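Peer 1: Attaching a single structure in structure tokens format; questions to follow.
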Amino acid sequence: MRDVAEIVVPWVFLTLALFALVDWDESRLSRAELERAWPPASRSLALAYFGLLSVPLHFWRTRRTALGTALGFAWAAGAFGVDWGASELVDALPEPALGPGIAVALVGFTAAMIWRSRKVRWWYHSARGH
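Using our numbering, the first residue of the sequence shown is number 450, and each one after it goes up by one.
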């Protein structure tokens, strides 16, 4: 059970942190920068599949500057800290708490992704004038 928790729980925390970071960043972008951002489906795939590497890529795509890319690497380092913290949390949990911990993480992840999909769909269309 511990092996599963050591994979699932940090992945949930990291993925939610990445989605929250990119959503927050896109809400602050200018119209020109937002036009260079990934479309929602591509962004979701990039965040889920490429994880931390997707953050500097997002910042480079939207800003097209070395400073923007450096900012992306800094935010990726912060997200790595979230991943490390979640790993430490799992290590500190007693064996009987691992099953419920995995369940809570997965239910929370599912709820956050459902909420996000509804929010982002509305925001994406209103921000781009659709």
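Glycine included, each C-beta is placed from N, C-alpha and C at the ideal position.
This structure is a prediction, so every number in the text was calculated from the model and none was measured.
Looking at the unbroken alpha helix (DSSP H) that takes in T518, where does it start and where does it end?
Peer 2: Per DSSP, T518 belongs to the alpha helix (DSSP H) from A515 to A541.
Peer 1: Using the Cα positions of E482 and R567, report the straight-line distance between them to the nearest angstrom.
Peer 2: Distance between the alpha carbons of E482 and R567 is about 22 Å.
Peer 1: Determine, using beta carbons only, whether P505 and T514 come nearer to each other than 8 Å.
Peer 2: No.
Peer 1: Within 10 Å of its beta-carbon, does S503 have 16 or more other beta-carbons around it, so buried, or fewer, so exposed?
Peer 2: With 16 or more other Cβ atoms within 10 Å, it is buried.
Peer 1: Taking the continuous alpha helix (DSSP H) assigned at P459, which residues delimit it?
Peer 2: Taken as a continuous stretch (DSSP letters only), the alpha helix (DSSP H) holding P459 covers R451 to R477.
Peer 1: Beta-carbon within less than 8 Å of W487's beta-carbon, same chain only, minus the 5 sequence neighbours each way: which residues are those?
Peer 2: Excluding residues within five positions, the ones whose Cβ falls inside 8 Å are A495, H507 and R510.
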